[in-house]
Amino acid sequence: MSLQILTERIANILGTDSGLDATAKFVTDEGVLFVDGKSVPNSVSNTDGEADCTFEVSVKNALKLIDGDLNAMMALMTGKLKIDGDMGVAMKIAETFGRR
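Structure, rendered in structure tokens:
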């Protein structure tokens, strides 16, 4: 159920054209969330796919990051968040979520 909430929240944040121009995958303890920011409208789904950047994070911590209750740098340093792939995309994701 929490993965569905996370999926809906991210879809609302991205909207139809976030300008992300990249793909990202969130690997969580409840499943996968795939963001296609290259397509317009942007799509968010729970299907697995090749992504420019992959985030490994629990659903609970992902929601805390979105709400601003968990600092991304602290999450990285404590192992609550792992990032693999294009760091430029990771920065764009952080910027997009910060605009909400």
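Each residue of the sequence shown is one higher than the last, beginning at 4 in the numbering used here.
For every residue, glycine included, the Cβ atom is placed at its ideal position computed from N, Cα and C.
The model shown is predicted, which means the values in this text are computed figures rather than measured ones.
Going by beta carbon distance, what residues of the same chain come within less than 6 Å of residue i, once the five residues before and after it are set aside?
i	result
residue 8	none
residue 25	40, 55 and 92
residue 48	37
residue 85	59
residue 83	64
Quick one: what's got a C-beta closer than 8 Å to residue i's C-beta in the same chain, skipping five residues either side?
i	result
residue 43	19 and 20
Whose CA, out of the options, lies closest to the CA of residue i?
i	options	result
residue 96	35, 34, 83 and 57	57
residue 32	80, 71 and 66	66
residue 12	94, 62 and 80	62
residue 34	50, 22 and 27	50
residue 29	53, 74 and 15	53
Assuming residue i is part of the alpha helix (DSSP H), what are its boundary residues?
i	result
residue 48	Taken as a continuous stretch (DSSP letters only), residue 48 belongs to no alpha helix (DSSP H), being part of the beta strand (DSSP E) at 46–48.
residue 26	First-last for residue 26: 26–31, but that is the beta strand (DSSP E), not the alpha helix (DSSP H).
residue 6	5–17
Measure how close the beta-carbons of residue i and residue j come, nearest whole angstrom, since I'm counting them as under 8 Å.
i	j	result
residue 17	residue 45	5 Å
task = Let me know the beta strand (DSSP E) ranges lying completely inside the segment 54–92, each 3 residues or longer, listed in chain order.
result = Correct list: 56–60 and 84–88.
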